[in-house]
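Below is one structure, written out as structure tokens; the observations come after it.
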Amino acid sequence: MAKGRIHSMDTFGTVDGPGIRFVLFMQGCALRCQYCHNPDTWDMGGGSLVSVEEVLAEIEPYVQYYKRSGGGITVTGGEPTLQAGFVARLFQECKARWGLHTTLDSSGFCDPSHATELLEATDLVLLDLKQMNEQRHERLTGRSNTRTHQFARHLSALGKPMWIRHVLVPGVTDDPADLQALGRFVAELRSVQKLELLPYHRMGVYKWQSLGLDYPLEGVQEPDPREVERALSWIEEGKRSLDRSAAAAGPRAE
1453 MAKGRIHSMD TFGTVDGPGI RFVLFMQGCA LRCQYCHNPD TWDMGGGSLV
1503 SVEEVLAEIE PYVQYYKRSG GGITVTGGEP TLQAGFVARL FQECKARWGL
1553 HTTLDSSGFC DPSHATELLE ATDLVLLDLK QMNEQRHERL TGRSNTRTHQ
1603 FARHLSALGK PMWIRHVLVP GVTDDPADLQ ALGRFVAELR SVQKLELLPY
1653 HRMGVYKWQS LGLDYPLEGV QEPDPREVER ALSWIEEGKR SLDRSAAAAG
1703 PRAE
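Residue 1651 in this note's numbering sits at position 199 of the sequence shown; the count goes up by one each step and never skips.
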């Protein structure tokens, strides 16, 4: 049986989807986000090779615990869509054996056609929209945001439930125009259930140091609650501006 390359597992995840969850961290990522708190997941050749059955054996003792809490399994990374076939089989087995809720945590840097089977077995996608401005996105991650936006629109067309995530980094992802653009983009997606604005933190800096990497955001401080509230207001303003534009345009002809 084909194996997946994983970084680690967590049997008690509480921030990566509803309820209490088994969280599987996949190895490998095409992005190089400046605020990444898991740079040790970047290397496609790192981590450990495991089979679906080996992961299921880790999940099984806690299944009823997850189900009673309204939780399930979340696969994150790294970038899990790089190993879409393995994650699809894992999700399929979790559903067939235990009826577990499945969540995919992704940057969306993926050709949607590559993830068809995976998305069919996915109940919820946590989609990280890192930066709406393409040039600033490239500086932040090393990649364009075009694929991510295409992936988001694909999920919307499928009606796949999404939670949108955006990390608020002072001086990097907090420009009012960018946040308003984020609000407008999210408002255009028809299956978004929640938007999570995640304050930047420095808890992963030690990993950069242990890998001998220069941390690119050295000196950047975590946002305070007022900055978070201000950012939320800009996102909401973006949503409202789209609503006003739609109202002014009137009903669309069928």
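Using N, Cα and C, we set each Cβ at its ideal position, and we do this for glycine too.
{"Query": "What is the DSSP secondary structure of tryptophan 1660, reduced to helix, strand or coil?", "Result": "helix"}
{"Query": "Would you say cysteine 1488 and threonine 1533 are within 8 Å of each other, going by their C-beta atoms?", "Result": "no"}
{"Query": "Give the straight-line distance between the Cα atoms of tryptophan 1686 and serine 1503, rounded to the nearest whole angstrom.", "Result": "45 Å"}
{"Query": "Nearest to glycine 1498 by CA position, among Gly1623, Gln1479, Pro1491, is which residue?", "Result": "Gln1479"}
{"Query": "Starting from leucine 1556, follow its DSSP beta bridges and name the residues at the other end.", "Result": "Val1527, Val1577"}
{"Query": "Below 6 Å CB to CB, which residues in the same chain sit around methionine 1496 once its five sequence neighbours on both sides are set aside?", "Result": "Gly1480"}
{"Query": "Between the segment 1471–1478 and the segment 1522–1533, do at least 3 Cβ pairs fall closer than 8 Å?", "Result": "yes"}
{"Query": "Taking CB distances under 8 Å as the criterion, tell me whether serine 1460 reaches chain D.", "Result": "As a matter of chain content, chain D is missing from the structure shown, which is built from one protein chain."}
{"Query": "Any chance you could list the beta strand (DSSP E) runs of at least 3 consecutive residues sitting entirely within the segment 1624–1683, in chain order?", "Result": "1644–1651"}
{"Query": "Per the contact definition of three or more C-beta pairs closer than 8 Å, is the segment 1599–1615 in contact with the segment 1656–1663?", "Result": "no"}
{"Query": "With a threshold of 8 Å, are at least 3 pairs of Cβ atoms found where one atom belongs to the segment 1625–1634 and the other to the segment 1553–1561?", "Result": "no"}
{"Query": "When the Cα atoms are used, what is the spatial distance from tryptophan 1615 to tryptophan 1550?", "Result": "24 Å"}
{"Query": "By DSSP's criteria, phenylalanine 1477 is part of a beta bridge. Which residues make up the other side?", "Result": "Ser1460, Thr1528"}
{"Query": "Express the C-alpha separation of asparagine 1585 and arginine 1636 in angstroms, rounding to a whole number.", "Result": "13 Å"}
{"Query": "For serine 1503, is the beta carbon positioned less than 7 Å from some heavy atom of the ligand NAD?", "Result": "Absence of the ligand NAD from the depicted structure is noted, as is the absence of any ligand whatsoever, leaving it without description."}
{"Query": "Answer yes or no: do valine 1619 and lysine 1582 have a C-beta to C-beta separation smaller than 8 Å?", "Result": "yes"}
{"Query": "What would DSSP say about histidine 1489, mapped onto helix, strand or coil?", "Result": "coil"}
{"Query": "Whole angstroms are fine: how far does the CA of glutamate 1670 sit from the CA of leucine 1570?", "Result": "37 Å"}
{"Query": "With distances taken from CA atoms, which of Asp1666, Val1672, Pro1675 is nearest arginine 1484?", "Result": "Asp1666"}
{"Query": "Tell me which same chain residues have a C-beta within less than 7 Å of the C-beta of methionine 1655, skipping the five on either side of it?", "Result": "His1489"}
{"Query": "Whole angstroms is fine: what's the gap from isoleucine 1458's alpha carbon to threonine 1528's?", "Result": "10 Å"}
{"Query": "Where does isoleucine 1687 sit, in a helix, a strand or coil, going by DSSP?", "Result": "helix"}
{"Query": "Leaving out five residues before and five after arginine 1599 in sequence, what residues of the same chain have Cβ atoms less than 8 Å from its Cβ?", "Result": "Gly1560, Phe1561, Cys1562, Asp1563"}
{"Query": "Are the CB atoms of tyrosine 1652 and glutamate 1688 within a distance shorter than 8 Å?", "Result": "no"}
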